[in-house]
Amino acid sequence: MTDLDELKALAEAATPGPWFLDAGGDTGVYTEARVSDTSTDVAWSYRREDEKFIAAANPAAVLDLIARVERAEAERVDLQRKLNTESANVTFYKVERDRYRDAIREALDVPVRIPEKSPLQAWPDYRDEARRILSAALEEGGKPR
0 MTDLDELKAL
10 AEAATPGPWF
20 LDAGGDTGVY
30 TEARVSDTST
40 DVAWSYRRED
50 EKFIAAANPA
60 AVLDLIARVE
70 RAEAERVDLQ
80 RKLNTESANV
90 TFYKVERDRY
100 RDAIREALDV
110 PVRIPEKSPL
120 QAWPDYRDEA
130 RRILSAALEE
140 GGKPR
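Numbering that gives the first Met the number 0 puts the first residue of the sequence shown at 0, with every later residue one more than the last.
Here is the structure:
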């Protein structure tokens, strides 16, 4: 892995751009800034392809790429933090769901006595219907329809 801090320092210390190839067919990579008292040469190579690459990999381009990497890394860290938070929320709600399921199962096993003079005596099957509905909900895993 490339040390981005070192690469950034090298790019900031390099001759400022823009860098360009000699338009007259000569070899070399040049800049508008003076590299020395008499020269605007940045680099020389025997291969034109190398010079094209050197011109394209100028300090501004390198600093732009480093900035993109730093932004992407910051975004990755932020997304990982959000994912961890959401994962914790999911775990919490699964525990709560299981707690409620257990409570419903326990409630289904509790015997219920209805006083003789209660209005609910007129609807004797309510408990069986409630058990059927709650049991079906537990079997389906409480998934919304």
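Cβ coordinates follow ideal geometry from the N, Cα and C atoms, glycine included.
No experiment lies behind these values; they were computed from the predicted model shown.
Check: Heavy atom of the ligand MG within 7 Å of residue 57 beta-carbon; Outcome: Summarising the ligand content, the structure contains no ligands, and the ligand MG is consequently not present.
Check: Three-state class that DSSP yields for residue 14 in the structure shown; Outcome: coil
Check: contact_flag[the region 1-17, the region 42-61] where n(CB pairs < 8 Å) is 3 or more; Outcome: yes
Check: Any 3 or more C-beta pairs closer than 8 Å across the region 131-138 and the region 100-108; Outcome: yes
Check: Rounded separation between residue 69 and residue 10 - CA only; Outcome: 15 Å
Check: Under the three-state DSSP convention, the category residue 45 falls into; Outcome: coil
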